[in-house]
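*Asks:*
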Amino acid sequence: MLVSVKSKRGIQQATVMITHQTIFLAFIFILSSTFTSPIHSLTLSTSSRWIVSPATGGHRYKLKCINWVGHLHTMVPEGLHKQPLNTIASAISSMGFNCVRLTWPTYMFTRPDYSSLTVAQSLDQWRLCGAKAGMARNNPNLLGLRVWEAQEAVVEGLGAMDIVVVLDNHVSLPKWCCSDYDGNGFFGDEYFDPDEWLQGLTTVATRYAGNPTVVAMSMRNELRGPRQIPRDWYKYMRQGAEAIHQANPDVLVIVSGLSYDTNLDFLKYTPLDVNIGNKLVYEAHWYPFGNPTEKWLNQTNGFCGTVTQKFLAQSGFLGFGPNPVPLFLSEFGLDQTGRNEAQNRYLSCLLGLVAERDLDWAFWTLQGSYMLREGKVDPEETYGALTFDWGNVRNPSMLKRMQLIQQITYDPKSNNPSYQVMYHPQTGQCVHGNQPPVYLTDCQNWSKWSYDRDGGPIRLLGSNPSCLSVAGDGFSVGFSDDCSGQQSTWTLVSGSKFHIAAKDEQGSLLCLDLDSSPSSSGISIVTKKCLCLGNDGKDVPMCDENPQRQWFTFITSNT
34 MLVSVKSKRG IQQATVMITH QTIFLAFIFI LSSTFTSPIH SLTLSTSSRW
84 IVSPATGGHR YKLKCINWVG HLHTMVPEGL HKQPLNTIAS AISSMGFNCV
134 RLTWPTYMFT RPDYSSLTVA QSLDQWRLCG AKAGMARNNP NLLGLRVWEA
184 QEAVVEGLGA MDIVVVLDNH VSLPKWCCSD YDGNGFFGDE YFDPDEWLQG
234 LTTVATRYAG NPTVVAMSMR NELRGPRQIP RDWYKYMRQG AEAIHQANPD
284 VLVIVSGLSY DTNLDFLKYT PLDVNIGNKL VYEAHWYPFG NPTEKWLNQT
334 NGFCGTVTQK FLAQSGFLGF GPNPVPLFLS EFGLDQTGRN EAQNRYLSCL
384 LGLVAERDLD WAFWTLQGSY MLREGKVDPE ETYGALTFDW GNVRNPSMLK
434 RMQLIQQITY DPKSNNPSYQ VMYHPQTGQC VHGNQPPVYL TDCQNWSKWS
484 YDRDGGPIRL LGSNPSCLSV AGDGFSVGFS DDCSGQQSTW TLVSGSKFHI
534 AAKDEQGSLL CLDLDSSPSS SGISIVTKKC LCLGNDGKDV PMCDENPQRQ
584 WFTFITSNT
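Quick note: to get the numbering used here, add 33 to the position in the sequence shown (first position is 1).
1) Out of R260, G488, L231, A122, which has the shortest C-alpha to C-alpha gap to H278?
2) Less than 8 Å between the CB atoms is what I'm expecting for V503 and K536, so what's the real figure, rounded?
3) Alpha carbons only, please: which of D283, N448, L351, Y140 is nearest the one belonging to T295?
4) Alpha carbons only, please: which of D487, N281, Q477, P469 is nearest the one belonging to L493?
5) Taking all protein chains shown into account, decide if E316 is buried (16 or more other Cβ within 10 angstroms of its Cβ) or exposed.
6) Out of P458, N244, S480, R179, point me to the one whose CA is closest to G466's CA.
7) Buried or exposed for S554, going by 16 or more other Cβ atoms inside 10 Å?
8) E578 to S557, Cα distance in whole Å?
9) Can N202 and S251 be called in contact, C-beta distance under 8 Å?
10) Taking three-plus beta-carbon pairs below 8 Å as touching, is the stretch 569-587 in contact with the stretch 434-444?
11) Note down, in chain order, each residue of its chain lying with its Cβ closer than 6 Å to the Cβ of V102, except the 5 sequence neighbours on either side.
12) I'd like to know whether the C-beta atoms of L105 and K208 end up nearer to each other than 8 Å.
13) Ends of the alpha helix (DSSP H) at F344?
14) Locate the alpha helix (DSSP H) running through K380, then write down its first and last residues.
15) Which of the three DSSP states, helix, strand or coil, is assigned to P580?
16) When the Cα of D548 is compared with those of E327, K562, G349, which residue comes out closest?
17) Based on the DSSP secondary-structure assignment, which residues constitute the bridge partners of E364?
18) Can you find the residues in the same chain that come closer than 8 Å, C-beta to C-beta, to V573, ignoring five residues on each side of it along the sequence?
19) If I'm right that G190 touches L234 with Cβ under 8 Å, what's the distance once you round it to whole angstroms?
20) Could you check what DSSP says for S126 in three-state terms: helix, strand or coil?
21) Can you give me the Cβ contacts of L96 inside the same chain, cut-off strictly under 6 Å, excluding the 5 residues immediately before and after it?
22) Relative to the C-alpha of L594, which candidate in V288, T524, F512, T120 has its C-alpha closest?
23) Do you know offhand how far L77's Cα is from L285's?
24) Pairing CB atoms from the stretch 335-344 with CB atoms from the stretch 374-387, are three or more of them under 8 Å?
25) Where V314 and P429 are concerned, what is the direct C-alpha to C-alpha distance, given to the nearest angstrom?
26) Compute the Euclidean distance between the alpha carbons of E364 and A395, then round it to the nearest angstrom.
27) Flag this pair as touching only if the stretch 238-251 and the stretch 177-192 have three or more C-beta atom pairs under 8 Å; answer yes or no.
28) Hey, how far is the Cα of T592 from the Cα of V387?
29) In terms of alpha-carbon separation, which member of A375, R434, Y484, V454 lies closest to P321?
30) Considering only residues of the same chain and omitting the five flanking positions on each side of A153, which have a CB-CB separation below 6 Å?
31) Whose C-beta lies closer than 6 Å to the C-beta of Q519 among residues of the same chain, with five residues either side of it excluded?
32) Using DSSP bridges, identify the partner residues of V133.
33) Assign K165 to one of two classes, buried (16 or more other C-beta atoms within 10 Å of its C-beta) or exposed (fewer than that).
34) Work out the CA separation of R486 and L525 for me, nearest whole Å.
35) Among the residues of its own chain, which have a CB less than 6 Å from the CB of D283, if the five just before and after it don't count?
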């Protein structure tokens, strides 16, 4: 159950100052502007499986978001008592995000005893003297605003940094989410009155009509609990989508699924019949919660394949088939202290798929701490991109791992021919080939590869000889004019399909791997005995090694 994991995140601070971001972060910020529109003219639509911007002639606008919690007891976005709003917005931008998924509770807009509270009164109500004093230091102009006006101020501050906002209706009663029996899970629950929910959606959609910073509204986070049934889902999702669209036809309408936003498979049989034009987007969540730790640690290849296929079967299928629609991965995340090895392996698995499908996404989460959560004052959030004091980046290596998915790798309006990028999800880096050596480096001016079928050659475009070739166990991968021999024909093996393997002269199966001695150019690519696989390319039943250094995948690109 999700609550059992989300409520047990540990504590650790990092020491990299936001005000001293690396050259890498500056580079990512530049990349994040590719195919984006000025925010003052931004209205988004959908085209097939893509979110696009009519202002740029229908080129993609990729949502690269971070979640920012504003749905808890105080109804005030977290962290405003620890850093000025413009400092937080600048940090979001410098980390390469162009979007915030900002959470909010229904009652903040539907019930006068909630909506009439000023920020100061809300903090006083929960006896948060320290938070109030911090707000007076860092954002004194917000204290006298009503809570919903403070939300508007946050949206305005983000817009000033060209950061767009997805407003996410997270709960009705302001509190931590989520569990089956918290009263906020499904229509008809104690705090989840459908009519009041529609009122809240309409009020928010109307309030932000004409505001180009708010580009989308998500109708409800993580529907769940014993009441959930598809029949009611269809009824209320249709009503909610049309209510938002009628009040604000400019925003995308984001539809969540059942079972904590992990299941939309019923749409395979009965589509959602809703009349909102080209504004419909679906969302899904993908966490490692409920996954047995030993599966990730002892059966990494096969288990990655299993959970990936489950995600594709339940949600990921929406981007493909005869009537594809955009899928927004609106929550994924992990303990950023790096101490949870099972979660680290989950992230590599997820990043491989997100990069392959070039999904829009929202990372959980921004906040390094909370004013009040589950009865605790000022607790730390180790899933947070920022540290406890909101003054530092918690884990800069996490941002480096996301560098490729923060770029647009495929644009449906591009006239460029398609090619492949070779991506290493464990490091977030790409394979660069300039004749030997072939090495791993930042995904900047990546090499263009061609790999058109399983069991075929891997060609470096514009190079002669062009085909990657196995030299032997422990040797650097080379190039050959022979593109049909066994040393130059490569197969995707293992349950994860992230191992890329060919046979040497003796017929031994070897996989692409990382050299243990990085050079100034990057990490050289070698071939070695495939980790956790037999010579037939199939997973061994149990393996104590981490095979992810041998994980590579092909990303189709035309940018």
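From the three backbone atoms N, C-alpha and C, an ideal C-beta is built for every residue, glycine too.
*Replies:* Working from what's here:
1) Here the question's residue 278 lines up with position 245 in the sequence shown. Closest option to H278, Cα to Cα, is L231.
2) On the sequence shown, position 470 is the one that residue 503 refers to. On the sequence shown, position 503 is the one that residue 536 refers to. For V503 against K536, the beta-carbon gap comes to about 7 Å, under 8 Å, which counts as contact.
3) Within the sequence shown, residue 295 is the residue found at index 262, counting from 1. Measuring from the Cα of T295, the nearest candidate turns out to be L351.
4) By 1-based counting over the sequence shown, the position of residue 493 is 460. Ranking the options by Cα distance to L493, first place goes to P469.
5) For the purposes of this step, residue 316 is identified with residue 283 of the sequence shown, where counting begins at 1. When all chains shown are included, E316 counts as buried.
6) Looking up residue 466 in the sequence shown gives position 433. For the residues P458, N244, S480, R179, the minimum Cα distance to G466 belongs to S480.
7) Taking the first residue of the sequence shown as 1, we reach residue 554 at position 521. Within 10 angstroms of the beta-carbon of S554 lie fewer than 16 other beta-carbons, which makes it exposed.
8) To locate residue 578, count along the sequence shown from 1; it is residue 545. To locate residue 557, count along the sequence shown from 1; it is residue 524. If you take the alpha carbons of E578 and S557, they lie about 21 Å apart.
9) Numbered from 1 along the sequence shown, position 169 holds the residue referred to as residue 202. Numbered from 1 along the sequence shown, position 218 holds the residue referred to as residue 251. In this structure, S251 lies closer than 8 Å to N202 by Cβ.
10) Result no; under three Cβ-Cβ pairs closer than 8 Å.
11) Against the sequence shown, residue 102 aligns to sequence position 69. If we look at V102 and ignore the five residues flanking it on each side, its Cβ neighbours are E111, T136, Q400.
12) Locating residue 105 in the sequence shown gives position 72, where the first residue counts as 1. Locating residue 208 in the sequence shown gives position 175, where the first residue counts as 1. A distance below 8 Å separates the beta carbons of L105 and K208.
13) Numbered from its first residue, the sequence shown carries residue 344 at position 311. Segment 333-347, the alpha helix (DSSP H) holding F344.
14) In the sequence shown, counting from the first residue as 1, residue 380 sits at position 347. Sequence check: residue 380 is Leu here, not Lys. That run of the alpha helix (DSSP H) goes 374-390.
15) Working through the sequence shown from its first residue, we reach residue 580 at position 547. P580 falls in the helix class under three-state DSSP.
16) Position 515 of the sequence shown, counted from the first residue, corresponds to residue 548. For D548, the nearest C-alpha among the options comes from K562.
17) Residue mapping note: residue 364 aligns to position 331 of the sequence shown, counting from 1. Paired residues: H318.
18) For this step, residue 573 is matched to residue 540 along the sequence shown. Excluding residues within five positions, the ones whose Cβ falls inside 8 Å are C565, L566, G567.
19) Working through the sequence shown from its first residue, we reach residue 190 at position 157. Working through the sequence shown from its first residue, we reach residue 234 at position 201. The beta-carbon separation of G190 and L234, rounded to 23 Å, does not stay under the 8 Å limit for a contact.
20) As a first step, residue 126 is located in the sequence shown; it is residue number 93 there, counting from the start. Note: S126 maps to helix in three-state DSSP.
21) For this step, residue 96 is matched to residue 63 along the sequence shown. Spatial neighbours of L96 in its own chain (CB-CB distance under 6 Å, excluding positions within 5 residues in sequence) are listed in chain order as C132, D393.
22) Because the chain is modelled from 34 through 592, residue 594 falls outside the range shown and cannot be assessed.
23) Residue numbering aside, residue 77 sits at position 44 when the sequence shown is read from its first letter. Residue numbering aside, residue 285 sits at position 252 when the sequence shown is read from its first letter. Approximately 7 Å between the Cα atoms of the pair.
24) Because the criterion of three Cβ pairs below 8 Å is met, the stretch 335-344 and the stretch 374-387 touch.
25) The residue you call residue 314 lines up with position 281 of the sequence shown. The residue you call residue 429 lines up with position 396 of the sequence shown. As the crow flies, the alpha-carbon of V314 is around 31 Å from that of P429.
26) As a first step, residue 364 is located in the sequence shown; it is residue number 331 there, counting from the start. As a first step, residue 395 is located in the sequence shown; it is residue number 362 there, counting from the start. Their backbone Cα atoms lie some 5 Å apart in a straight line.
27) With a cut-off of 8 Å on Cβ pairs, the stretch 238-251 is in contact with the stretch 177-192, counting three or more such pairs.
28) Indexing the sequence shown from 1 puts residue 592 at position 559. Indexing the sequence shown from 1 puts residue 387 at position 354. Using only the alpha carbons, I get a separation of about 17 Å.
29) Within the sequence shown, residue 321 is the residue found at index 288, counting from 1. When only C-alpha atoms are compared, the closest one is A375.
30) As a first step, residue 153 must be located in the sequence shown, where it is residue number 120. Within the same chain, A153 has close Cβ partners L176.
31) As a position in the sequence shown, residue 519 is number 486, starting the count at 1. Counting only Cβ-Cβ distances below 6 Å, and skipping sequence neighbours, we find K536.
32) As a working mapping, residue 133 is identified with position 100 in the sequence shown. Paired residue(s): I99, V198.
33) Taking the first residue of the sequence shown as position 1, residue 165 is located at position 132. Within a 10 Å sphere around the beta-carbon of K165 sit 16 or more other beta-carbons, which makes this residue buried.
34) As a working note, residue 525 is residue 492 in the sequence shown. As a working note, residue 486 is residue 453 in the sequence shown. Here the alpha carbon of L525 sits roughly 10 Å from the alpha carbon of R486.
35) In the sequence shown, counting from the first residue as 1, residue 283 sits at position 250. Close CB contacts of D283 within its chain, under the 6 Å cut and outside five residues either way in sequence, are with T76 (chain order).
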